[in-house]
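Peer 1: Submitted below is the structure of interest, expressed as C-alpha cells.
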Amino acid sequence: MKAEVKHNKAWGISYGQLVAREFFKNRLNVAGLAFIFVLFTVAVFAPLLANDKPFAIKVDGAWKFPLFGALGAVDYAVFLAAGVVIAMAVLIRRNQRTIAPMERSSVLWRQFGAAFIVLVVGTAAMFYMLPEKLDATDYKAMVAEGRAEKAVFAPVPYSFARTDLAAREEGPSGAHWLGTDDVGADVLARLIHGSRISLSVGFVAVGISCVIGIMVGAVLGYFGGKVDFIGMRFVEIMMAVPVFFLILTIISFWPRSLLNIMIIIGLTTWTGDARFIRAEFLKLRKQDFVQAAVSLGLPLRSILFKHILPNGIAPVLVNASFDIAGAIFIEASLSFLGFGVAPPTPSWGQMLSLGVGTTGRFLWWLTLFPGMAIFVTVMAYNLVGEGLRDAIDPRLRKAA
Amino acid sequence: MSDEILKIENLSVHFDTEDGVAKAVQEVNFEIRRGETFALVGESGCGKSVTALAMMRLIPVPPGRIVNGRIEFEGANLLELSEKQMRSIRGNKIAMIFQEPMTSLNPVFTIGDQIAEAIMLHQKKEYEAAWVDAVEILKQVGINEAERRVSEYPHQMSGGMRQRVMIAMAMSCKPALLIADEPTTALDVTIQAQILELIRELQKQNNMSVLLITHDLGVVAERANEVAVMYASRIVERAKAADLFANALHPYTQGLLRSLPRLGHEGRRLEVISGTVPNPLEFPSGCKFHPRCPVGHDDEKCRTCEPGLMEIATGRRAACWYAERFLKGKG
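Quick note, the sequences are listed as chains A and B, same order. Okay, so the first sequence: first residue is 178 according to my numbering, each after it adds one. Okay, so the second sequence: first residue is 716 according to my numbering, each after it adds one.
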C-alpha cells in the first residue's frame, strides 16, 4: 500500500480544502484573518514587546538577561503552546502532501498525542522549575545613572503594571507613544498585554458556549418530538433573558476573575449555537446517508458526532466567529462598567473607561486607542465570519 | 424450515399523524429463503419501504409504531431485541442499500473511511486492515483503480459508481440478507442492468438472500424467485415469479402487467389502472382495490368485505374474492 504515496495529485480534495480555497479568494477575508493572526502574535509575545526589563544589559563588563529571568511560567507555557500549534499546522499541511489518506488519520493521532504530551510535560516542568520571583531592580535608572554600560530594551520599554505617578494622564509623546493612564502606566504596553485578555476571553467563552450549544442542539435535533419541544421551550426562555443584564447580575455575586467572566459569558450565550445545530440535525437526520449509517449498525455516538455533526457544523463555525467578537465586546463592556477584571490586569474596556480623567478632563488617547483596538478586532472577527459563511455556502453571497 | 432466513408474521405498522392513524403496513406475512431473492412490488406509498425499514427497526418512533407482528431472523424475533443487539445485526447480518445513491454517502468522508468504519465496527479490525478490505470490496463491485478511488470523496463519483460504493458498504461484512430498496430507480437503464447483475453475482458468491423492493416488474421477472405484490398496505398476491407472470390472480397484478409496454404493440396507448392510490388515512371499505377494480367496482361483496390472503392453488395466494376465476388450468 505504501506505493500509493506517489499518487498524491489524484488524492481527493476534501470539503475543508474547497472551503479554504473559496475563503482565500476574497481579500477582505484574508485581511481579517491576517489581523487576527497579528493579534495572536502580539498576544503570545506580549512580554517580549512591552517590558520594563531589558533583554540584555551589561553591568561591570558582564552581560545579564533580566527579561528572560523575569518571565513567569505562564509566559513560557504560552510560548510553548504557540510553538506546538505552529508545528502541528506545518505537520498537517505536510501530511496532506506526503502521506496517503489511509495512513493519515493514524499518523495524525500520533502527532496529536505527541503534541499533547510535549505541552503537558513542558508546562508542568515550567511551573516546577520557574518559581515566581520578583525582580524589583530598576534597570532604567541604572542606565540613566550610567551604572550599566549597554542595554537592549523591548520596543515598548514599559511594564503594563508599572505605575509612574510623575507621568499621570499624559498625552502621546516620544516617551509614551500612546500616552499614559490615570496612574501613569503606558497605554501601549497595556494595550499589548490587554490583547491576551481579549483573545482568551473570546476563545474560552466561545469554546464553552459551542460545546454546550452543540450538545444540546444535537440531542434536541436528532431525537425531535417531545424532547425537542421541551428543550426548545427551555432554550427560548434562555433567549428571552437579556444576556448582558444576566451577566451583570451574576457577576456581582461572583468574585471578579477572568475565568469567572469567561465561564459566565460561555454559559449564557450558547442558545444561538444550540438553535443552529438543532436545525441542521433536524434536517440531516432524515438524509439518506444518515439512514445508511444507521442501517450499517453504527453506534449513536458515531451517527451524531461523526456523520451528522461535520455536515452541520458550518453555521456554528460562522456563528462562533461572530460570537468571539461578541464575547470580546461583552468583556470590554463589563470592564468599561467596572465589572470586569480588576486592575492592574489590563483590559481594553477598562482602559476605555479611563477616558474621562480623574479631573473630569477628556483624555482622547485613552478613548481612541483602546476603542480602535476593540473596534478593529471585533470587525476582523466579523469579516472572517462572513467570509467563512460565503465560502461555505456561495449561494448566500449571490443573494446578498 | 431451516432454510428460511427471515420470516415475517402479521406485521402491522401505523403512523400517528395529526389527521389520524395512517395504517402503512397491515398484517403482512412472508418468508425469505436462504440464497433466494424475494421481490416486494407495489406503487409508491403502498408500504413496501416501510416494511423494509421495520425489518431493520428503522421506523422513526414516534410517529411510527410497530403495532404487532413478529420478524423472525435466524431464530430471534428482531422486534424484541435491545437496541444494542439490533446494532450488531444491522450492517453485519442484514444490510440495506437505498434508492438514492447521490445522497446516501456522507459528503465529508472518503469512500474508504465510510466502508472501513463498518468493517472496524463489526469485524473488530484495525483501521489499516479495514482499509485494505475496503479496497478489496471496491474491486469486487467492479470499481476500476480501486486503490485510487478509495480515497476519493463521494462528489467525485458518478451515480452508478456511488451505487456500487453503496453496495460495497452493504457487502462489507458479508450479510446474510441484503435489503435493496429500489436500488436501480435513480440510475439510467444501462447502469441498472449492471447493478442488478452485480447484486446477482455477489448473492451467488456469498449465498446471500436478497429482499428486492421495486416497482419495476421487468426487474422482478429477471431477478426474483418469489414475489409479493403490495397494494394499500397489504400483500394482495404472492407467488413464484414465473407463476405470477404466467397467470396473475389478483386484478391489481393483472393491471400492473397490462400497463407494461410490450414489444410488438407499438402505436397503442399504454393501459393504465384508472383512479389513484387510496389515502392511507381513509382507505375505502371492503377490498381496498374495489374502486379501481374492473371486476369488483360495483360488487356488493367487494364493497363491504375485505378479502384476506387466501390460498387459491398450491403456492398461489391472492387476496381477491374472485381469484379462482382467473386461475388458468389446474394449479
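Every residue, glycine too, gets a C-beta built ideally from N, C-alpha and C. From a predicted model like this one, the values you see are computed outputs, not experimental measurements.
Measure the beta-carbon distance from Ala901/B to Pro816/B and round it to whole angstroms, keeping in mind my assumption that it falls under 8 Å.
Peer 2: Correct: roughly 6 Å between the Cβ atoms.
Peer 1: Using a cut-off of 8 Å between C-beta atoms, extract the partners of His837/B located in chain A.
Peer 2: By Cβ distance, chain A contributes Gly474.
Peer 1: If you follow the beta strand (DSSP E) that Val765/B is part of, which residue opens it and which one closes it?
Peer 2: First-last for Val765/B: 763-770, but that is the alpha helix (DSSP H), not the beta strand (DSSP E).
Peer 1: Can you name the start and end residues of the alpha helix (DSSP H) that Val404/A belongs to?
Peer 2: From DSSP, the alpha helix (DSSP H) with Val404/A extends over 402-417.
Peer 1: Considering Cα atoms alone, identify which of Gly735/B, Asn783/B, His1005/B, Met945/B is closest to Gly762/B.
Peer 2: For Gly762/B, the nearest C-alpha among the options comes from Met945/B.
Peer 1: Within the chosen definition, does the region 844-859 of chain B reach the region 793-812 of chain B through at least 3 CB pairs nearer than 8 Å?
Peer 2: At 8 Å Cβ cutoff, the stretches do not touch.
Peer 1: Round the Cβ separation of Phe934/B and Thr899/B to the nearest angstrom and send it over; I've been treating them as touching at under 8 Å.
Peer 2: Position check: residue 934/B holds Val in this sequence, whereas Phe was assumed. Contact holds; Cβ gap of about 7 Å.
Peer 1: Mind checking if Gln273/A is an interface residue toward chain B, Cβ cutoff 8 Å exclusive?
Peer 2: With 8 Å as the cut-off, Gln273/A does not count as an interface residue toward chain B.
Peer 1: Whose C-alpha, out of Ser350/A, Arg455/A, Ile374/A, Asp315/A, is nearest the C-alpha of Asp363/A?
Peer 2: Of the candidates Ser350/A, Arg455/A, Ile374/A, Asp315/A, the one whose C-alpha sits nearest the C-alpha of Asp363/A is Ser350/A.
Peer 1: Give the DSSP-derived three-state secondary structure of Ala1034/B in the structure shown.
Peer 2: Three-state result, Ala1034/B: coil.
Peer 1: In chain A, which residues lie less than 8 Å from Arg802/B when you measure between Cβ atoms?
Peer 2: Near Arg802/B (Cβ distances below 8 Å), the residues of chain A are Gly474, Leu475, Pro476.
Peer 1: Span of the alpha helix (DSSP H) holding Glu937/B?
Peer 2: Where Glu937/B is concerned, the enclosing alpha helix (DSSP H) stretches over 932-938.
Peer 1: For Phe466/A, report the span of its alpha helix (DSSP H) as first-last.
Peer 2: Looking at the DSSP string, the run of the alpha helix (DSSP H) that includes Phe466/A is 465-472.
Peer 1: With a cut-off of 8 Å, do at least 3 Cβ pairs link the region 496-507 of chain A to the region 439-447 of chain A?
Peer 2: The region 496-507 of chain A, when compared against the region 439-447 of chain A, does touch it at the 8 Å Cβ threshold.
Peer 1: Helix, strand or coil, according to DSSP, for Leu560/A in the structure here?
Peer 2: Here Leu560/A sits in helix by DSSP.
Peer 1: Which term fits Ala301/A, buried or exposed, when burial requires 16 or more other beta carbons within 10 angstroms of its beta carbon?
Peer 2: Label assigned to Ala301/A: exposed.
Peer 1: According to DSSP, is Gly299/A helix, strand or coil?
Peer 2: Residue state, collapsed to three classes: helix.
Peer 1: Could you list the residues in the region 821-835 of chain B with a C-beta less than 9 Å from some C-beta on chain A, going in chain order?
Peer 2: The region 821-835 of chain B vs chain A, Cβ under 9 Å: Asn821, Pro822, Val823, Phe824, Thr825, Ile826, Gly827, Asp828, Gln829, Ala831, Glu832, Ala833.
Peer 1: Could you say which of Arg1018/B, Thr818/B, Asn962/B lies nearest to Lys1043/B if we only look at CA atoms?
Peer 2: Nearest of Arg1018/B, Thr818/B, Asn962/B to Lys1043/B, Cα basis: Asn962/B.
Peer 1: Determine the chain B residues that contact Asp465/A at a beta-carbon separation under 7 Å, and present them in chain order.
Peer 2: Residues of chain B passing the Cβ test: Phe813, Glu815, Thr818, Ser819.
Peer 1: Would a check of beta-carbon distances place Tyr558/A closer than 8 Å to chain B?
Peer 2: It does not: the Cβ of Tyr558/A has no partner Cβ on chain B nearer than 8 Å.
Peer 1: Alpha carbon to alpha carbon, how far is Gly193/A from Arg204/A? Give it in angstroms, no decimals.
Peer 2: One C-alpha to the other measures close to 19 Å.
Peer 1: Could you compute how far the alpha carbon of Lys840/B sits from the alpha carbon of Met884/B?
Peer 2: If you take the alpha carbons of Lys840/B and Met884/B, they lie about 15 Å apart.
Peer 1: Nearest chain E C-beta to Ser282/A closer than 8 Å, yes or no?
Peer 2: The question asks about chain E, but that chain is absent: this structure's protein chains are A and B.
Peer 1: Quick one: what does DSSP say Asn185/A is sitting in, helix, strand or coil?
Peer 2: Any reading at Asn185/A must be qualified, since the residue scores a pLDDT of 45, below 50, and its modelled position is unreliable; no value is offered.
Peer 1: Around the Cβ of Ala321/A, are there at least 16 other Cβ atoms within 10 angstroms (buried) or fewer (exposed)?
Peer 2: Classification of Ala321/A: exposed, given that the 10 Å Cβ count is below 16.
Peer 1: Look at the Cβ atom of Ile929/B, then the Cβ atom of Ser866/B, and state whether they are nearer than 8 Å.
Peer 2: Here residue 929/B turns out to be Thr, not Ile, going by the sequence shown. Not a contact, by the Cβ cut-off of 8 Å.
Peer 1: As a quick exercise: from Arg287/A, Phe337/A, Leu425/A, Val196/A, pick the residue whose alpha carbon is nearest that of Glu508/A.
Peer 2: Of the candidates Arg287/A, Phe337/A, Leu425/A, Val196/A, the one whose C-alpha sits nearest the C-alpha of Glu508/A is Leu425/A.
Peer 1: Do Ala519/A and Arg433/A have their beta-carbon atoms positioned less than 8 Å apart in this structure?
Peer 2: A contact, by the Cβ cut-off of 8 Å.
Peer 1: Is DSSP giving Val776/B helix, strand or coil here?
Peer 2: Val776/B falls in the coil class under three-state DSSP.
Peer 1: Report buried or exposed for Ala576/A, applying the criterion of at least 16 other Cβ atoms within 10 angstroms of its Cβ.
Peer 2: The predicted model places Ala576/A with a pLDDT of 45, which falls under 50 and marks its position as unreliable; any figure quoted below should be read in that light. Exposed: under 16 other Cβ atoms inside 10 Å.
Peer 1: Enumerated in chain order, which unbroken segments of the alpha helix (DSSP H) with a length of 4 residues or greater are wholly contained in the region 917-983 of chain B?
Peer 2: DSSP runs (the alpha helix (DSSP H)) wholly in the region 917-983 of chain B: 932-938, 956-961, 966-973.
Peer 1: When the Cα of Phe380/A is compared with those of Phe421/A, Met528/A, Ile213/A, which residue comes out closest?
Peer 2: The shortest C-alpha separation from Phe380/A is found at Ile213/A.
Peer 1: Give the C-beta separation of Ala810/B and Ala939/B to the nearest angstrom, bearing in mind that I take them to be a contact with Cβ-Cβ under 8 Å.
Peer 2: Not confirmed; about 19 Å, so no contact.
Peer 1: From Ser524/A to Gly474/A, what distance separates their C-alpha atoms?
Peer 2: One C-alpha to the other measures close to 52 Å.
Peer 1: Secondary structure at Leu195/A, three-state DSSP: helix, strand or coil?
Peer 2: Helix, per DSSP.
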